[in-house]
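The next block holds one structure in the form of structure tokens; read it before the comments.
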Amino acid sequence: MFSFFRRKAAPPTPEAPVSTPASPPVIAPLTSPPVSSTPIAAAPPPPGSAPATVPTATPPAAPDDGGGRTSWLGRLRKGLQRTGASIAQVFTGTQIDDALYEELEAALLMADAGVGATQHLLNELKRRVKDTRCSDPQGVKTLLGDVLAELLTPLQGSLTLGRHQPTVIMIAGVNGAGKTTSIGKLTRHLANLDCKVLLAAADTFRAAAREQLSVWADRNRVEIVSQEGGDPAAVCFDAVSAGKARGCDVVIADTAGRLATQLHLMEELRKIQRSLGRAMEGAPHEVILVVDGNTGQNALAQVKAFDSTLGLTGLVVTKLDGTAKGGVLAAIALWVRERMAAGKPAVPVYFIGVGEKLEDLQTFDPREFAQALLN
Ligand SMILES: Nc1nc2c(ncn2[C@@H]2O[C@H](COP(=O)(O)OP(=O)(O)OP(=O)(O)O)[C@@H](O)[C@H]2O)c(=O)[nH]1
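FYI, the numbering for the sequence shown is 0 to 374, going by numbering that gives the first Met the number 0.
See below:
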């Protein structure tokens, strides 16, 4: 069993943790080791071992790993700095009054948090300010960091591999969200860890999309099932059948970008999903939506629409290094909270993208993100 998780204690070296027979091996955080480092052995889980648990509590901020972690966090901070600056401005006065809360409300709305999450944050913050008898605006900012991290906590979750052979992952999203790039980065890390990966190029119409995925497959020396023209569902069926026959650990299907309003293309996604299930019972085991963090509240609309069509199991939020305001994660977190309250499963953010380089795909940590957002 493999599980992507955030390192909680400073390891002595940047190398991947070595598993013991009593505990399942874990895939190293994506910051390290570097591409050329020795992969850990991907031993099978011991018989009868419990599945890896998804962390639910907010872990302490991860330690620096010798520069890599600091540098991507720096990129995240830089990407979110406009939001950080406008929120910081709210706390420069000396009074905690209605004007402060009104300014904060405006700053959160400007940051794409949306009305619901903004109200949730303000109500919770006011309650804490009262409970703690906080009298200093900087103290209120610290409390806001706590409240925000707590709101974001349901978005934390690990992508667990190894329960199925292969684990079948279906990737969806609108055009240009960063699907293929994220698959490429993920594939490299999996390949480095000796996982046998097979890619399915389910965008059968756009030659450039197939080529882009082929480049990633070549670079990572993993197999790819690709077909010009033809039916993407058939490509996916073949890929999973091949993945089973060849003993692959993971099959990742890269689907063509589409808008949720293109109903025939959404129906095509459903067909791909069914075809994966026909090739292997229970597949796809993960249905991951890749969303561009720059799309603001539209990202939440995408999450809802793709979820209602496919039933999402996780998210990747990309481009948080750019002009993203970041608050949309609060809006998505509120939506996840509400669905969990209704008895539905969480939809965690497995990874966030903070750049185009390999190490720029990172696991999501609510507290780190809250700190980066508030700078
Ligand atoms: N800055 C930045 N750029 C990214 C990130 N992720 C992806 N990109 C870039 O976004 C662009 C689109 O990425 P793709 O991976 O081609 O997106 P896609 O969703 O596969 O696109 P379609 O196949 O057209 O639907 C590329 O130029 C990527 O390099 C990120 O986290 N940060």
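Here a beta-carbon is modelled for each residue, glycine too, at the ideal position from N, C-alpha and C.
Judged by the Cβ position, K270 fails to qualify as a neighbour of ligand 1 at the 6 Å threshold, every heavy atom of the ligand being at least this far.
Between N374 and G92, the C-beta gap is not smaller than 7 Å, which leaves the two residues out of contact. Per DSSP, D248 has no beta-bridge partner at all. The beta carbon of T312 sits no closer than 6 Å to any heavy atom of ligand 1.
Contact between the stretch 294-305 and the stretch 180-188 is absent, with fewer than three C-beta pairs closer than 8 Å. Distance from the CA of D97 to the CA of G161, rounded to the nearest whole angstrom, comes to 52 Å.
Straight-line measurement puts the Cα of A171 at about 11 Å from the Cα of S181.
Bounds of any alpha helix (DSSP H) do not take in D291; it lies within the beta strand (DSSP E) bounded by E285 to D291. Here T159 carries a strand assignment [DSSP, helix/strand/coil]. In terms of CA proximity to S157, P347 leads the group A371, A112 and P347. Residue environment analysis places D359 among the buried positions, since at least 16 neighbouring C-beta atoms fall within 10 angstroms of its C-beta. Within the stretch 278-355, the alpha helix (DSSP H) runs of at least 4 residues that lie entirely inside it are, in chain order, 296-309 and 327-340. In the displayed model, A112 falls within coil according to three-state DSSP, outside both helix and strand. Take the alpha-carbon of F204 and the one of P165: they are about 26 Å apart. Residue pairing for V224: DSSP places it in a beta bridge opposite A199. In this structure, DSSP gives T260 a state outside helix and strand, which the three-state scheme calls coil.
A check of alpha carbon separations from G229 across I223, T152 and A201 identifies A201 as the nearest. Close CB contacts of R220 within its chain, under the 8 Å cut and outside five residues either way in sequence, are with A190 (chain order). Beyond the five residues adjoining it in sequence on each side, G321 comes within less than 8 Å, by CB distance, of G78, G292 and N293 in the same chain, given in chain order. D130 counts as exposed, since fewer than 16 other C-beta atoms from the protein chains shown sit within 10 angstroms of its C-beta.
Under a 10 Å Cβ-count criterion, Q94 is classified as exposed, with fewer than 16 other Cβ atoms of the shown protein chains found around its own Cβ.
Annotated three-state conformation of L192 is coil, per DSSP. The criterion of a C-beta distance shorter than 7 Å is satisfied by V335 and P153. If you draw a straight line from the Cα of M109 to the Cα of K270, it is about 38 Å long. Looking at the DSSP output, M265 sits in no beta bridge, so it has no partner there. For the 7 Å CB-CB criterion, L319 and I351 form a contact. The alpha-carbon of D145 is positioned some 16 Å away from that of Q118. Taking non-hydrogen atoms of ligand 1 into account, the C-beta of E267 is found less than 6 Å away from none of them.
Scanning R132, A252, C133 and G73 for the CA closest to the CA of V224 turns up A252.
The C-alpha of L264 lies about 20 Å from the C-alpha of L212.
In the DSSP annotation of this structure, the continuous segment of the alpha helix (DSSP H) that includes I86 starts and ends at Q80 to V89.
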